[in-house]
Structure formats: C-alpha cells, structure tokens
Amino acid sequence: MTEPRPPLWRLSPAQRLLEGGALLNSLAFFAAMPFAPLYLSEHTSLGKPSVGAVVGAVALIAAFGGLLGGMIVDRLGAVPLMRAGLVCHVAVYGLLAAVRGPAAIVVLFLLLGGARLMVEPGAKKLCPMRRTSLPGTSSS
Numbered sequence: 064m065t066e067p068r069p070p071l072w073r074l075s076p077a078q079r080l081l082e083g084g085a086l087l088n089s090l091a092f093f094a095a096m097p098f099a100p101l102y103l104s105e106h107t108s109l110g111k112p113s114v115g116a117v118v119g120a121v122a123l124i125a126a127f128g129g130l131l132g133g134m135i136v137d138r139l140g141a142v143p144l145m146r147a148g149l150v151c152h153v154a155v156y157g158l159l160a161a162v163r164g165p166a167a168i169v170v171l172f173l174l175l176g177g178a179r180l181m182v183e184p185g186a187k188k189l190c191p192m193r194r195t196s197l198p199g200t201s202s203s
C-alpha cells in the first residue's frame, strides 16, 4: 500500500507556490472564459456558430484531455509539467493581448485548453483529495 500524500500545508514551499499558481490559473481561466465569445466576435470575423465552437473546444480539450494530462504527469512528474503549464498560460494570455490576427487568436484560445491539461492533473496529484488522519484526530 502506498503512503498517503501530505496535506497542502505540509508541501514544500515550491509545491505550495505551484498549487497557488494553479489556483490563480483556475480563477483566471474561469474569469476570462465568459468574455471569450465577446472577444472573439469583436476581434475576428467569425460567426456565432464558429465562436461557440472555439469556446466549446477549449472546454472540451480541458475536459476530455484530462486522461492524457494524467498520463503525462505520471511520466514526467507533476512539478515540471505544472511549471510548463503555468508559463504557457502566462504566455498565451500575454499574446492574446498583443495579437490581432483571427487565426492566431483562435489558436491561442485552443492553447488555453492545452495549457490546462498540463496544470490540472499535476495539481490533483500534489494535493490529496481524501482526508488523511492528523496527529490527535481519527480518520473515518
């Protein structure tokens, strides 16, 4: 049987920084995605169905790619993959502010889903989802 993973407050400072980055990443992602259709329709010539397809594809990549992300985390490790994913997120959001070409904007939005694949599985691997017993408590 494997050792239970440590709770968040017992992670190393680097792991806590990564988990905090993952939290900020999720907040930024879900704060930006409601405005993605407005941004795409204003800055590209895509019609409403195409805008919906792009925004939906971002969510589908993140949802169905979780299995692939988990396999990659198992092979490369959670910390390096989370670092790469967070750097990718920063780069994508920065490029979204700078680029004006419709094709580049669509590709960058799709890369957001791909970057999420690198961050979310690593965050789940670092933080335990089940309650572990602490000294002086009993686990049920």
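Just so you know, the numbering used here puts 136 at position 73 of the sequence shown, and the rest follows in order with no gaps.
Note that CB positions come from ideal geometry on N, CA and C, so glycine has one too.
Reference residue i; option with closest CA among the options
i: ARG146; options: PHE92, GLY119, ALA186 and LYS111; result: ALA186
i: ALA154; options: LEU171, GLY140, VAL142 and ALA125; result: LEU171
i: ALA178; options: PRO76, PHE92, GLN78 and ARG79; result: PHE92
i: ALA94; options: SER108, LYS188 and TYR156; result: TYR156
i: GLY133; options: GLU183, GLY110 and ARG79; result: GLU183
i: SER113; options: MET96, HIS152, LEU189 and VAL169; result: VAL169
i: PHE98; options: HIS152, LEU131 and VAL118; result: VAL118
i: SER115; options: CYS151, PRO100 and ALA160; result: Reading off the sequence shown, one finds Gly at residue 115, where the question assumed Ser. Per the Cα distances, PRO100.
Own chain, CB closer than 7 Å to residue i, minus 5 neighbours either side, in chain order
i: ILE135; result: LEU144
Sequence-distant residues of its chain with Cβ nearer than 6 Å to residue i (five each side left out)
i: ALA121; result: Residue identity differs from the one stated: residue 121 is Val in this sequence, not Ala. For VAL121, where only same-chain residues beyond five positions count, the Cβ hits under 6 Å are PHE172, LEU175 and GLY176.
Supposed contact pair residue j and residue i - C-beta distance, whole angstroms, cut 8 Å
i: LEU158; j: ASN88; result: Actually they are not in contact, since the Cβ atoms of LEU158 and ASN88 sit about 16 Å apart, beyond 8 Å.
i: LEU123; j: LEU180; result: At roughly 11 Å, the Cβ-Cβ gap does not stay under 8 Å, so LEU123 and LEU180 are not in contact.
Can you find at least 3 beta carbon pairs, one from the stretch 130-140 and one from the stretch 78-90, that sit closer than 8 Å?
no
Within 8 Å, do at least three Cβ pairs link the stretch 116-132 to the stretch 154-164?
no
In chain order, what are the residue ranges of uninterrupted alpha helix (DSSP H) at least 4 long that sit wholly in the stretch 107-138?
111-127
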